[in-house]
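Structure record follows, encoded as structure tokens.
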Amino acid sequence: MFIFSLGCAAQLSHLTENVRYSFAAQGTAGGGDNAPFWFTNNRYGLGTTDNYSGLARVALWRDVETDSLWFWRTGYGIDLASPINSENGYFCVQQAYLDIEWKMLRLSIGQKERPSELKNPALSTAGLAMGINARPIPQIRAEMPDFWRVPGTSGIFSFKGHLAYGMYTDGAWQRKFNAGTSNKYTNGSMFHSKALFVRLGNSELFPLLFSGGLEMACQFGGTGWNIEQYGGGSLGEKVDLGGNIWTAFIPSSGDVNDENYTNASGNHVGSWHIRLDWKSKGWSVGAYMEHMFEDHSQMFMQYGFWKDMLLGLEVNLSKNPFLSSFVYEYNTTMNQSGPIFHDKTAENPQQISARDEYYNNHVYSAWQMGGFVIGNPLILSPIYNNYLGSEGNLSPQHNRIEVHHIGLMGAPTDEWSWRAMYTHQYSLGTYIQPLKEPCYANYLLLETTYKPKWGGGLSFSAAYGHNDGTLLGNSNAAMLTIAFDGWLNKTQ
Numbered sequence: 014m015f016i017f018s019l020g021c022a023a024q025l026s027h028l029t030e031n032v033r034y035s036f037a038a039q040g041t042a043g044g045g046d047n048a049p050f051w052f053t054n055n056r057y058g059l060g061t062t063d064n065y066s067g068l069a070r071v072a073l074w075r076d077v078e079t080d081s082l083w084f085w086r087t088g089y090g091i092d093l094a095s096p097i098n099s100e101n102g103y104f105c106v107q108q109a110y111l112d113i114e115w116k117m118l119r120l121s122i123g124q125k126e127r128p129s130e131l132k133n134p135a136l137s138t139a140g141l142a143m144g145i146n147a148r149p150i151p152q153i154r155a156e157m158p159d160f161w162r163v164p165g166t167s168g169i170f171s172f173k174g175h176l177a178y179g180m181y182t183d184g185a186w187q188r189k190f191n192a193g194t195s196n197k198y199t200n201g202s203m204f205h206s207k208a209l210f211v212r213l214g215n216s217e218l219f220p221l222l223f224s225g226g227l228e229m230a231c232q233f234g235g236t237g238w239n240i241e242q243y244g245g246g247s248l249g250e251k252v253d254l255g256g257n258i259w260t261a262f263i264p265s266s267g268d269v270n271d272e273n274y275t276n277a278s279g280n281h282v283g284s285w286h287i288r289l290d291w292k293s294k295g296w297s298v299g300a301y302m303e304h305m306f307e308d309h310s311q312m313f314m315q316y317g318f319w320k321d322m323l324l325g326l327e328v329n330l331s332k333n334p335f336l337s338s339f340v341y342e343y344n345t346t347m348n349q350s351g352p353i354f355h356d357k358t359a360e361n362p363q364q365i366s367a368r369d370e371y372y373n374n375h376v377y378s379a380w381q382m383g384g385f386v387i388g389n390p391l392i393l394s395p396i397y398n399n400y401l402g403s404e405g406n407l408s409p410q411h412n413r414i415e416v417h418h419i420g421l422m423g424a425p426t427d428e429w430s431w432r433a434m435y436t437h438q439y440s441l442g443t444y445i446q447p448l449k450e451p452c453y454a455n456y457l458l459l460e461t462t463y464k465p466k467w468g469g470g471l472s473f474s475a476a477y478g479h480n481d482g483t484l485l486g487n488s489n490a491a492m493l494t495i496a497f498d499g500w501l502n503k504t505q
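In this note's numbering, the protein residues as written are 14 to 505.
Have a look at this one:
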């Protein structure tokens, strides 16, 4: 115990070393029906649909990798944001977390921005079940964050995973968004996620790598209002939604208002991931697929594994400064197991688990946090519903989509870098509310960043965004960002 105490004291003495800080100021101005799509989305919930907006942000953090020479490692961070004309108010704690690692295991406590699995964080449209679109959810997360090579396998077999429980913090926002309407909303619900990924191959021995796995997440518990389905309560009545950490971990039991037609308790989503990479000297190419599911039928491929998925191709050219990365993605959610859904009855004993209604839920309204879908933003978030004529409704109105997406980036010099994304989206609405006429949209982002050598951690970024089409209307806008990051106490 004495030796352990000395070790803890020695570790604590390092917590003020190698601490970093940053601040940024950002402004957007333009015209049109909405802010450009890629100015709003995949920004961890800090975007806005307003054409005129601003954002000030300040952060202080210590990377857990700083203690790489220790068995016990500690990291932490605090990130404060003050947006202007945002759907989420004028101030928020964007990140506040503590990471404690022992060897390859980590306990992460708090809310923290986390990238999508097995995708390019700068160019991809992001994951289907868990993306980078919504604000981070406060949680306690036990994880193996990096692939761990299993001893005795020559590094050919490795795996990683996590298990997390947390709580939603958007109850007040939901109540405000639904003010004056009879749409359902919830408060105080809980969050659960888990994942397991494996990797086969060792690029030091052979250039081909296979990565794949399963991730699942669930919203459960809390209280709900205006939930009338299956006798769940009358308009304006408060309903206890039930559920617990066990029924979230293994989808089971039933929602409190299911009566004779029992679903798994809570709002469950998940996805299968597969990726192949060929890594060579100076270049690499990867192909990946993600298949989303909202119930057992598509989790176990009852209606066809290949019908709804995100397919991607990524090429990295590390020796080509002008074009260092290229991503192409095709995403379709048109099928959703088919348009017909019914539960078993005495007259019709055949169960048909179709009409999956991606991101929509009969109790929790949507797979969202603070108005932004938690998964892929091309299934449009609730923040667009007022523009789409569905005021106060939390349910996404466009989940039957087909998307082609291209992302490019490069760094021609040590000081200059650039990024470009173009997305074409086609939508049929939803099965419950199909469109009279199909609609489409085009989204464009052009961005350049200048980091002068004389500026230390200073950087300047300028971006142009454009929307057109019949889905979100037409818009053009410019975004300017000034940022700086540096060290408070650097010792290594």
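Backbone N, C-alpha and C define an ideal beta-carbon position, used for all residues, glycine too.
Here the structure is a predicted model, which is why all the values come from computation and not from measurement.
- In its chain, beyond the 5 residues on either side, 32 and 34 have a beta carbon closer than 6 Å to the beta carbon of residue 501.
- CA-to-CA, the gap between residue 307 and residue 417 works out to about 23 Å.
- By the Cβ neighbour-count rule, residue 84 is exposed, with fewer than 16 other Cβ atoms within 10 Å of its own.
- Excluding the 5 residues flanking it on each side, residue 471 has same chain C-beta neighbours closer than 6 Å at 497, in chain order.
- Rounded to the nearest angstrom, the gap between the Cα atoms of residue 237 and residue 148 is 21 Å.
- Contact between the stretch 63-74 and the stretch 397-406 is absent: fewer than 3 CB-CB pairs across the two stretches fall below 8 Å.
- Secondary structure at residue 495: strand, using DSSP grouped into helix, strand and coil.
- When DSSP assignments are scanned along the stretch 314-354, the uninterrupted stretches of beta strand (DSSP E) that are 3 or more residues long and fall wholly within it turn out to be 322-329 and 338-345.
- Between residue 372 and residue 282, the gap from beta carbon to beta carbon is short of 9 Å.
- With a cut-off of 8 Å on Cβ pairs, the stretch 47-61 is not in contact with the stretch 71-89, counting fewer than three such pairs.
- Residue state for residue 230 is assigned as strand, using DSSP reduced to three classes.
- Note: residue 489 is bridge-paired with 44 and 479 in the DSSP secondary-structure output.
- Around the beta carbon of residue 81, fewer than 16 other beta carbons lie within 10 angstroms, which makes this residue exposed.
- Burial is judged here by how many other beta carbons sit within 10 angstroms of a residue's own beta carbon; residue 395 has at least 16 and is buried.
- Looking only at 436, 302 and 467, the smallest Cα-Cα distance to residue 140 is reached by 302.
- Within the stretch 157-219, the complete beta strand (DSSP E) segments of 3 residues or longer fall at 170-180, 198-200 and 203-213, listed in chain order.
- In the DSSP secondary-structure assignment, residue 111 is bridged to 89 and 122.
- Between residue 156 and residue 195, the CB-CB gap reaches or exceeds 9 Å.
- A Cβ-Cβ contact shorter than 9 Å links residue 344 with residue 324.
- Nearest neighbour of residue 234 by Cα position, chosen from 136, 437, 209 and 251, turns out to be 251.
- For residue 51, the uninterrupted alpha helix (DSSP H) run begins and ends at 50-53, by DSSP.
- Spatial neighbours of residue 292 in its own chain (CB-CB distance under 6 Å, excluding positions within 5 residues in sequence) are listed in chain order as 216 and 220.
- Using a C-beta cut-off of 8 Å, the stretch 170-190 makes contact with the stretch 378-395, since at least three inter-stretch Cβ pairs fall below that distance.
- Shown here, residue 74 sits in a strand according to DSSP, grouped into three states.
- When the Cα atoms are used, residue 484 and residue 87 turn out to be separated by approximately 46 Å.
- Excluding residues up to 5 positions away in sequence, 410, 411, 413 and 448 lie with their Cβ nearer than 7 Å to the Cβ of residue 442 in the same chain.
- Nearest in C-alpha terms to residue 227, of all of 201, 279, 288 and 257, is 288.
- The beta carbon of residue 133 lies closer than 8 Å to those of 327, 338, 340 and 420 in the same chain, with the five residues before and after it left out.
- Under the Cβ criterion (8 Å, minimum of three pairs), the stretch 425-440 does not count as touching the stretch 93-110.
- Closest by C-alpha distance to residue 465, out of 499, 478 and 427, is 427.
- With contacts defined by Cβ atoms closer than 9 Å, residue 222 and residue 290 form a contacting pair.
- Between residue 103 and residue 407, the beta carbon gap of about 22 Å keeps them out of contact (Cβ cut-off 8 Å).
- Judged by beta-carbon spacing, residue 138 lies beyond the 9 Å limit of residue 450, meaning their Cβ atoms are not closer than that value.
- Relative to residue 142, the option among 229, 114 and 125 whose CA is nearest is 229.
- Each residue's CA atom was taken as its position, placing residue 209 and residue 474 some 37 Å apart.
- If you draw a straight line from the Cα of residue 170 to the Cα of residue 320, it comes to about 30 Å.
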